[in-house]
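Here the structure is laid out as structure tokens; the discussion comes afterwards.
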Amino acid sequence: MYDDVNGDSLRQASEIAIPDGVLSFSNRTGSVSESLKSPPGEEPVCFENLPEGVYSISVAVPEGYNATTETDYQLTLKAGDETYIN
């Protein structure tokens, strides 16, 4: 998550990461269901060895911020996929 200072839904180099948002994801079978706070800093959060399937991903922005991009996603993972979500 980042502070979209100009509200254009695109991250510029000057827009800093913000901590304490919540990222949640789960697959349709229910074998994966996780929630975690967004960390401070610029390093991405990585999840490895997830089973194939359709995942629902949602984000909740921290208090005092407004979302400028989608907060709910559907993602289909296949074996060997490497996927990035901004």
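So for the sequence shown, this note's numbering puts the first residue at 910; every next one is plus one.
Note that the Cβ used here is the ideal one computed from N, Cα and C, for glycine as well.
Values in this document were obtained by computation on a predicted structure and should not be read as measured data.
- Annotated as distal: V941 and P948, with beta-carbon spacing of 9 Å or more.
- Burial check for G950: the Cβ neighbour count within 10 Å stays below 16, so the residue is exposed.
- In the DSSP assignment, G962 is bridged to L986.
- Taking 9 Å as the cut-off, the beta carbon of D990 is found no closer than this to the beta carbon of S967.
- S944 is positioned such that its CB atom lies no closer than 9 Å to that of S965.
- Assigned with DSSP and collapsed to three states, S940 falls in coil, not helix or strand.
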